[in-house]
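There are 2 protein chains.
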Amino acid sequence: MRDVAVRAGVSIMTVSRALNEPGKVSPEMREKVLRVVREIGYLPNHLAGSLSSSRSTTIGLIVPSIDNSIYTQTVKGLSEVLKRSGFQLMIAESGYDPNEEEELITIFLSQRVSGLVLHSTEHTPQAAEKIRKSGIPVVENGNIPAEPLDMVVSFSNHDAAYAMTMHLGRLGYRKIAFASLYSVHNDRSKDRLEGYHAALGQLGLEPDPRIVLETERGLASGAEVMARVVQSVPEVDALFCAGDVLAVGALFECQKRGWDVPGRIALASFDDVDLLRHVSPSVSTLRLPRYDIGERTARILLSRIIDGAEHLRGSVIDLKFELIQREST
Amino acid sequence: MRDVAVRAGVSIMTVSRALNEPGKVSPEMREKVLRVVREIGYLPNHLAGSLSSSRSTTIGLIVPSIDNSIYTQTVKGLSEVLKRSGFQLMIAESGYDPNEEEELITIFLSQRVSGLVLHSTEHTPQAAEKIRKSGIPVVENGNIPAEPLDMVVSFSNHDAAYAMTMHLGRLGYRKIAFASLYSVHNDRSKDRLEGYHAALGQLGLEPDPRIVLETERGLASGAEVMARVVQSVPEVDALFCAGDVLAVGALFECQKRGWDVPGRIALASFDDVDLLRHVSPSVSTLRLPRYDIGERTARILLSRIIDGAEHLRGSVIDLKFELIQREST
DNA sequence: AAATCTGTTGTTACCGCTATCAAAAACCGC
DNA sequence: GCGGTTTTTGATAGCGGTAACAACAGATTT
Numbered sequence: 263m264r265d266v267a268v269r270a271g272v273s274i275m276t277v278s279r280a281l282n283e284p285g286k287v288s289p290e291m292r293e294k295v296l297r298v299v300r301e302i303g304y305l306p307n308h309l310a311g312s313l314s315s316s317r318s319t320t321i322g323l324i325v326p327s328i329d330n331s332i333y334t335q336t337v338k339g340l341s342e343v344l345k346r347s348g349f350q351l352m353i354a355e356s357g358y359d360p361n362e363e364e365e366l367i368t369i370f371l372s373q374r375v376s377g378l379v380l381h382s383t384e385h386t387p388q389a390a391e392k393i394r395k396s397g398i399p400v401v402e403n404g405n406i407p408a409e410p411l412d413m414v415v416s417f418s419n420h421d422a423a424y425a426m427t428m429h430l431g432r433l434g435y436r437k438i439a440f441a442s443l444y445s446v447h448n449d450r451s452k453d454r455l456e457g458y459h460a461a462l463g464q465l466g467l468e469p470d471p472r473i474v475l476e477t478e479r480g481l482a483s484g485a486e487v488m489a490r491v492v493q494s495v496p497e498v499d500a501l502f503c504a505g506d507v508l509a510v511g512a513l514f515e516c517q518k519r520g521w522d523v524p525g526r527i528a529l530a531s532f533d534d535v536d537l538l539r540h541v542s543p544s545v546s547t548l549r550l551p552r553y554d555i556g557e558r559t560a561r562i563l564l565s566r567i568i569d570g571a572e573h574l575r576g577s578v579i580d581l582k583f584e585l586i587q588r589e590s591t
Numbered sequence: 263m264r265d266v267a268v269r270a271g272v273s274i275m276t277v278s279r280a281l282n283e284p285g286k287v288s289p290e291m292r293e294k295v296l297r298v299v300r301e302i303g304y305l306p307n308h309l310a311g312s313l314s315s316s317r318s319t320t321i322g323l324i325v326p327s328i329d330n331s332i333y334t335q336t337v338k339g340l341s342e343v344l345k346r347s348g349f350q351l352m353i354a355e356s357g358y359d360p361n362e363e364e365e366l367i368t369i370f371l372s373q374r375v376s377g378l379v380l381h382s383t384e385h386t387p388q389a390a391e392k393i394r395k396s397g398i399p400v401v402e403n404g405n406i407p408a409e410p411l412d413m414v415v416s417f418s419n420h421d422a423a424y425a426m427t428m429h430l431g432r433l434g435y436r437k438i439a440f441a442s443l444y445s446v447h448n449d450r451s452k453d454r455l456e457g458y459h460a461a462l463g464q465l466g467l468e469p470d471p472r473i474v475l476e477t478e479r480g481l482a483s484g485a486e487v488m489a490r491v492v493q494s495v496p497e498v499d500a501l502f503c504a505g506d507v508l509a510v511g512a513l514f515e516c517q518k519r520g521w522d523v524p525g526r527i528a529l530a531s532f533d534d535v536d537l538l539r540h541v542s543p544s545v546s547t548l549r550l551p552r553y554d555i556g557e558r559t560a561r562i563l564l565s566r567i568i569d570g571a572e573h574l575r576g577s578v579i580d581l582k583f584e585l586i587q588r589e590s591t
């Protein structure tokens, strides 16, 4: 930059202004500076800029696991909105471990990110304290926690699971099994389970621990759950797979075993992956606003960062989900 | 940091050293400093550190599209290795547009990333020039380009498509259709098509433009391609879906129409998504080293950055793929 | 015991930019 | 054409660290 200034015969400040606040510089100056910039291929050092102005254009995102296609829509939403405002995304994965998350938060704060997006809503007390102390805006967006750190943009896992379970109940299913991902350090799973139980209560159905299962991600797990539940508790007439692609695996298992869906057993899923519409029978599911969550998250974060919209602190945005009835129920 | 120095009664340099080069400071000093650091919850400013030392711990990654589950394994491999060395990942998407990519490269260079990972291998001349000028190490990893920018870690799309087409030919299929994603600004698709043609030549089969199709991503596209190809050219006896989940869509279409696979038409896919093993018939495909690509990319990048391993400049690492024969062929 | 070496700590000058305020230039009405 | 205002430009002091070298003590050599 010094180089540009010398070659253009202006002060270093004029160069800075020509580049960042073009309005504050006369057209001739600006032109002169920009010409030299192009000539020598000058690249501003954004690090120095951030340090000096103590404003950065980086947002930190922590997801439990990167290789989960569920998040990609949200990341896309985030990324697209942030990009438009010249912000960059730093992504890291916590592996469902709050301590790991805390460490990543520390690193991100060290990098002076100007905002933080956390998918998980379970944090160590130290993590919460560090964030509070840093003063930067945070959005949690995997669930709606009882005690948010700051802002929240999400749908309610509890309500979604409740809605689907109620739906099954209303359709006449009486023995509704429930499968989810492991709920240790995963409050999304916990909330879904609670929603399921709440609905059972509402429906006047007796909970049965034999048909409430937790498993890991993947098609194979879904298949395994389906087989296990039908064989151990034959009177089961519906299975609600509240996680990932479990339902697809479960459906394949039924096809393999010749179990009619929904005749023998109804099947419901949680997330509207493309697949569920194309299999036969098509699978009832919940359409979750994954992309919107990313978009809204970015927007509200930018409001706080750019416009300093302090009144948004602590906002909780509960985005709607949609229940999609298909052939499997 | 000044604050820490004062409270610990030492110089600012001692604090810096206690934190970053603990070996160069006496144990008592180190302890004294670390105590104060914990006491006041001091967080180093990584921006300042990077600026001053002109070393950053950020790697930029540009993918064509974030919401493509294909990349997630690679990103995971990258992320896990980088994290171990304290490096952070910045991710952005170019939307298959080289100009957009150039802009992102500029931004990343401005952020002074210490390395760059590009999934695409098609770049604007200006982008190439900027990278060259910056001197930072770069890895391309979506394909093996004819003229690499610097290092390459990938499998060969050409060879993989060639291998699968040869496989189909050897199994006796004579009229092999080929479907891929649009090849504009997508040299992965282009190379796959070339591999297909090379194999046809080798097999002594006549290429037929009527059964070479390009389409967009998604199950629906696969279904549509299958229907189109079978109906317009009934003598077709195999379809090689060289992209994404096209093959799954195609298979569903066959099931829907009652076309026997592989009796009526054989089906092969390109990427070993979990699904292909679980559908019935299971689908032959290519197992690509997605995770390994990420891992090796990170490793070689770190060698260059940390160890200054200049002899690695221009390395091309061609990772193996594996052909998986299943019921569909 | 003087000379040299080694290890630890401190001093100072930046890294490349922005904030802030001062100076200069341009504009204004009267 | 003059004081007053506004706009444009410049000088300077950091932002929070690190590099490079100086200073000093204690250990080792000769």
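Heads up: the protein sequence lines correspond to chains U and F, in order. Heads up, the first sequence is in this note's numbering, so the first residue is 263 and it goes up one at a time. Heads up, the second sequence is in this note's numbering, so the first residue is 263 and it goes up one at a time. Note that the Cβ used here is the ideal one computed from N, Cα and C, for glycine as well.
Proximity test, Cβ basis, 8 Å: Phe-532 (chain U) and chain F: Residue mapping note: residue 532 (chain U) aligns to position 270 of the first sequence, counting from 1. With 8 Å as the cut-off, Phe-532 (chain U) does not count as an interface residue toward chain F.
Residues of its chain near Ser-416 (chain U), where Cβ-Cβ distance is below 8 Å and the 5 sequence neighbours each way are ignored: To locate residue 416 (chain U), count along the first sequence from 1; it is residue 154. Once the five neighbours on either side are set aside, the close Cβ partners of Ser-416 (chain U) are Glu-402, Asn-403, Gly-404, Asn-405, Ile-406, Ile-555, Ile-579, Asp-580 and Leu-581.
When you compare the region 377 to 388 of chain U with the region 353 to 363 of chain U, are there three or more beta-carbon pairs, one atom per stretch, that lie closer than 8 Å? yes
Cβ separation of Glu-478 (chain U) and Leu-443 (chain U), assumed to be a contact under 8 Å, to the nearest whole Å: Counting from 1 along the first sequence, the entry for residue 478 (chain U) is found at position 216. Counting from 1 along the first sequence, the entry for residue 443 (chain U) is found at position 181. Yes, Glu-478 (chain U) and Leu-443 (chain U) are in contact; Cβ-Cβ is about 7 Å, under 8 Å.
For the alpha helix (DSSP H) that Leu-462 (chain F) lies in, which residues bound it at each end? The residue labelled residue 462 (chain F) in the question sits at position 200 within the second sequence. 449 to 465 is the extent of the alpha helix (DSSP H) around Leu-462 (chain F).
Spell out the partners DSSP gives Cys-592 (chain U) in its beta bridges. In the structure displayed, chain U extends from 263 to 591; residue 592 (chain U) sits before or after that span and is not available.
When you compare the CB of His-381 (chain U) with every CB in chain F, is at least one pair closer than 8 Å? Stepping through the first sequence from its first residue, residue 381 (chain U) is reached at position 119. Not an interface residue.
Secondary structure of Ile-328 (chain F), DSSP reduced to three states: Residue numbering aside, residue 328 (chain F) sits at position 66 when the second sequence is read from its first letter. Coil.
Report, in whole angstroms, the separation of the C-beta atoms of Asn-419 (chain F) and Asp-470 (chain F), which I expect to be a contact under 8 Å. Locating residue 419 (chain F) in the second sequence gives position 157, counting from the first residue. Locating residue 470 (chain F) in the second sequence gives position 208, counting from the first residue. Not really, about 22 Å apart at Cβ, beyond 8 Å.
Can you tell me which of U:Gly-339, U:Thr-334, U:Ala-310 and U:Gly-348 puts its alpha carbon nearest to the alpha carbon of Gln-319 (chain U)? As a working mapping, residue 319 (chain U) is identified with position 57 in the first sequence. It is Thr, not Gln, that sits at residue 319 (chain U) in the sequence shown. When each option's Cα is compared against that of Thr-319 (chain U), the closest is U:Gly-348.
Since I believe Leu-548 (chain F) is in contact with Asp-536 (chain F) (beta carbons under 8 Å), could you give me their beta-carbon distance rounded to a whole number of angstroms? For the purposes of this step, residue 536 (chain F) is taken as residue 274 along the second sequence, with counting starting at 1. For the purposes of this step, residue 548 (chain F) is taken as residue 286 along the second sequence, with counting starting at 1. The Cβ separation is near 14 Å, so there is no contact.
Give me whichever residues DSSP pairs with Glu-651 (chain F) in a beta bridge. Here chain F comprises residues numbered 263 to 591, so residue 651 (chain F) is not present and cannot be evaluated.
Among the candidates F:Ser-312, F:Leu-371 and F:Ala-425, whose CA atom is the shortest distance from the CA of Gln-587 (chain F)? If you number the second sequence from 1, residue 587 (chain F) lands on position 325. Gln-587 (chain F) has its Cα closest to that of F:Ala-425, out of F:Ser-312, F:Leu-371 and F:Ala-425.
For the alpha helix (DSSP H) that contains Met-413 (chain F), what are its first and last residues? Walking along the second sequence from the start, residue 413 (chain F) turns up at place 151. Per DSSP, Met-413 (chain F) belongs to no alpha helix (DSSP H); it is in the beta strand (DSSP E), 413 to 416.
Tell me whether Leu-550 (chain F) sits in a helix, a strand or coil according to DSSP, three-state version. For this step, residue 550 (chain F) is matched to residue 288 along the second sequence. Three-state result, Leu-550 (chain F): coil.
Report yes or no: is there a C-beta of chain U within less than 8 Å of the C-beta of Asp-554 (chain F)? Here residue 554 (chain F) refers to the residue found at position 292 when the second sequence is read from its first residue. Cβ-Cβ to chain U under 8 Å: no for Asp-554 (chain F).
With distances taken Cα to Cα, identify the nearest neighbour of Ser-436 (chain F) among F:Leu-564, F:Arg-575, F:Arg-526 and F:Arg-292. Numbered from its first residue, the second sequence carries residue 436 (chain F) at position 174. The amino acid occupying residue 436 (chain F) in the given sequence is Arg; Ser does not appear at that position. Nearest C-alpha to Arg-436 (chain F): F:Arg-526.
DSSP puts Ile-579 (chain F) in a beta bridge; with which residues? Taking the first residue of the second sequence as position 1, residue 579 (chain F) is located at position 317. Its beta-bridge partners are F:Val-415.
What do you get for His-573 (chain U), buried or exposed, if any count of 16 or more other CB atoms within 10 angstroms of its CB means buried? Residue 573 (chain U) sits at position 311 when you count from the first residue of the first sequence. With fewer than 16 other Cβ atoms within 10 Å, it is exposed.
Those residues which DSSP pairs with Glu-402 (chain F) across a bridge: Reading the second sequence from its first residue, position 140 is the one you call residue 402 (chain F). BP columns for Glu-402 (chain F) point to F:Leu-380 and F:Val-414.
Sheet register partners of Gln-350 (chain U) (DSSP bridge): Here residue 350 (chain U) refers to the residue found at position 88 when the first sequence is read from its first residue. In DSSP, Gln-350 (chain U) forms a bridge with U:Thr-320.
DSSP three-state label for Ser-531 (chain F), please. Walking along the second sequence from the start, residue 531 (chain F) turns up at place 269. Reduced to three states, the DSSP call for Ser-531 (chain F) is strand.
Counting only C-beta atoms, is Thr-331 (chain U) closer than 8 Å to chain F at any point? Taking the first sequence and counting its residues from 1, the one referred to as residue 331 (chain U) is at position 69. The sequence given here has Ser at residue 331 (chain U), not Thr. Output row for Ser-331 (chain U): interface = yes.
If we define contact as Cβ-Cβ less than 8 Å, is His-540 (chain F) a contact residue for chain U? Mapped onto the second sequence, residue 540 (chain F) falls at position 278. Judged by the 8 Å Cβ criterion, His-540 (chain F) is in contact with chain U.
Tell me which residue opens and which closes the alpha helix (DSSP H) that Leu-537 (chain U) is part of. For this step, residue 537 (chain U) is matched to residue 275 along the first sequence. From DSSP, the alpha helix (DSSP H) with Leu-537 (chain U) extends over 537 to 540.
How about Val-325 (chain F) and Tyr-333 (chain F): are their beta carbons less than 8 Å apart? Counted from its first residue, the second sequence places residue 325 (chain F) at position 63. Counted from its first residue, the second sequence places residue 333 (chain F) at position 71. It is a contact, given that the beta carbons lie within the stated cut-off.
Per-residue DSSP class, three states only, for Glu-476 (chain F): Numbered from its first residue, the second sequence carries residue 476 (chain F) at position 214. Looking at Glu-476 (chain F) - three-state DSSP - the assignment turns out to be strand.
Nearest to Ala-482 (chain U) (by Cα), restricted to the options U:Ala-509, U:Val-287, U:Leu-313 and U:Arg-279: Translated into positions along the first sequence, residue 482 (chain U) becomes position 220. The shortest C-alpha separation from Ala-482 (chain U) is found at U:Ala-509.
In whole angstroms, give me the CA-to-CA distance for Arg-498 (chain U) and Val-541 (chain U). For the purposes of this step, residue 498 (chain U) is taken as the residue at position 236 of the first sequence. For the purposes of this step, residue 541 (chain U) is taken as the residue at position 279 of the first sequence. Just to set this straight, residue 498 (chain U) is Val in the shown sequence, not Arg. Cα to Cα, Val-498 (chain U) sits roughly 22 Å from Val-541 (chain U).
Proximal chain U residues relative to Phe-349 (chain F), where beta-carbon distance stays under 7 Å: Within the second sequence, residue 349 (chain F) is the residue found at index 87, counting from 1. Simply none; closest approach about 10 Å.
Residues bridged to Ile-586 (chain F) (per DSSP): Translated into positions along the second sequence, residue 586 (chain F) becomes position 324. The partner list for Ile-586 (chain F) (beta bridge, DSSP) reads F:Thr-547.
Between the beta-carbon of Ile-321 (chain U) and the beta-carbon of Leu-281 (chain U), is there less than 8 Å? Here residue 321 (chain U) is taken as the residue at index 59 of the first sequence, counted from 1. Here residue 281 (chain U) is taken as the residue at index 19 of the first sequence, counted from 1. Contact: no.
What number of angstroms, rounded off, separates the C-alpha of Met-275 (chain U) from the C-alpha of Lys-294 (chain U)? The sequence position of residue 275 (chain U) within the first sequence is 13, counting from 1. The sequence position of residue 294 (chain U) within the first sequence is 32, counting from 1. Each residue's Cα considered, the two are about 14 Å apart.
From the beta carbon of Ser-590 (chain F), is the nearest beta carbon of chain U less than 8 Å away? Along the second sequence, read from residue 1 onward, the residue named residue 590 (chain F) stands at position 328. No, because no Cβ of chain U sits closer than 8 Å to the Cβ of Ser-590 (chain F).
Along chain U, which residues have their Cβ under 8 Å away from the Cβ of Arg-300 (chain F)? Within the second sequence, numbered from 1, the residue matching residue 300 (chain F) stands at position 38. The premise fails here: Arg-300 (chain F) is roughly 11 Å from chain U at the closest Cβ pair, so nothing lies under 8 Å.
Measure the C-alpha to C-alpha separation of Arg-472 (chain U) and Val-491 (chain U) and round it to an integer number of angstroms. Position 210 of the first sequence, counted from the first residue, corresponds to residue 472 (chain U). Position 229 of the first sequence, counted from the first residue, corresponds to residue 491 (chain U). Looking at the two C-alpha atoms, the distance is approximately 8 Å.
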